[in-house]
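One structure is given here, and the rest of the page talks about it.
Residue numbers (the working numbering): 132 to 355.
Rendered as structure tokens:
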């Protein structure tokens, strides 16, 4: 049975025609972006499809990709680690674009697709997020967004910081995360599974902490 999606999301969603689940799952949608999680089984090709452009993919699990345009190989057996990201411009159906999982394990990824054709925060600018107690690893930046990796060890907190809003937090490894505003508990420890995501509004004097027993890896996307 074909899945039903919000009409306003359809132009921004991918369809992998060769897969048993060609549409994946919409995790989050608002006026600025839609997040779609897709799983490509080991040895499977997605099938010829288009991309709307203005997309950031985030690998939830590691694996090996190959790609082709029509009968020509575009890339072959390129490794991607969990938490890696990449930008995808518009690819029309006429290009006969197809990607395949040529590794030995199923791969899961999330596409962050921007709905607005231009930056939404251009008037005030946008800088990478800074945490006082840990260093965020830069992954990608262009005129539309900034992607950074967050690693929080058990018991580690980010330190108090301001959050600009229009951000997306994608959980790579999962774990238990707690939030504090102005030094007070504002959200009790919430358990997140790998591949879950949330939209972050602006916040002042805010911090996050890993109150679980395993190291947490996340990708923070800040929209420009």
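Glycine included, each C-beta is placed from N, C-alpha and C at the ideal position.
Exclusion of the five residues before and after residue 336 leaves 291, 313 as the residues of its chain whose Cβ lies within less than 6 Å of its Cβ.
Ranked by how close their Cα comes to the Cα of residue 348, the residues 334, 307, 251 have 307 in first place. Contact check between the stretch 195 to 213 and the stretch 258 to 278: fewer than three CB pairs, one atom from each, fall below 8 Å, which does not count as touching. Between residue 244 and residue 167 a beta carbon distance of about 7 Å is seen, short of the 8 Å cut, so the two are scored as contacting.
The three-state secondary structure of residue 342, taken from DSSP, is coil. Here residue 353 is near residue 260, since their CB atoms are less than 8 Å apart.
By the CB criterion at 8 Å, residue 163 and residue 242 fall outside the cutoff. Spatial neighbours of residue 178 in its own chain (CB-CB distance under 6 Å, excluding positions within 5 residues in sequence) are listed in chain order as 147, 148, 149. Within 10 angstroms of the beta-carbon of residue 161 lie fewer than 16 other beta-carbons, which makes it exposed. Annotation: residue 172 to residue 151 spans about 10 Å, alpha carbon to alpha carbon. Separation of residue 266 and residue 225 (C-alpha to C-alpha, rounded to the nearest whole angstrom) is 43 Å. About 7 Å separates the CB atoms of residue 302 and residue 328; that is less than 8 Å, so the two are in contact. In the three-state DSSP reduction, residue 160 falls in the strand class (E or B). Spatial neighbours of residue 215 in its own chain (CB-CB distance under 7 Å, excluding positions within 5 residues in sequence) are listed in chain order as 190. Residue 344 sits close to residue 285, with the two beta carbons spaced by under 8 Å. Excluding its 5 nearest sequence neighbours in each direction, residue 183 has C-beta neighbours in its own chain below 7 Å: 142, 143, 221, 244, listed in chain order.
For the set 346, 325, 279, 233, the Cα lying nearest the Cα of residue 175 is the one of 233. The continuous beta strand (DSSP E) containing residue 196 extends over residues 194 to 200.
Inside the stretch 227 to 277, DSSP marks no whole alpha helix (DSSP H) run of 4 or more residues.
Within the same chain, 166, 168, 328 come within 6 Å of residue 158 by CB-CB distance, once the 5 residues on both sides are set aside.
Assignment of residue 141 by DSSP, reduced to helix, strand and coil, places it in the helix class. Taking 3 residues as the shortest admissible run, the stretch 283 to 340 contains the following complete beta strand (DSSP E) segments, listed from N- to C-terminal end: 292 to 294, 298 to 302, 306 to 312, 315 to 323, 328 to 331. The DSSP-derived three-state label of residue 351 is strand.
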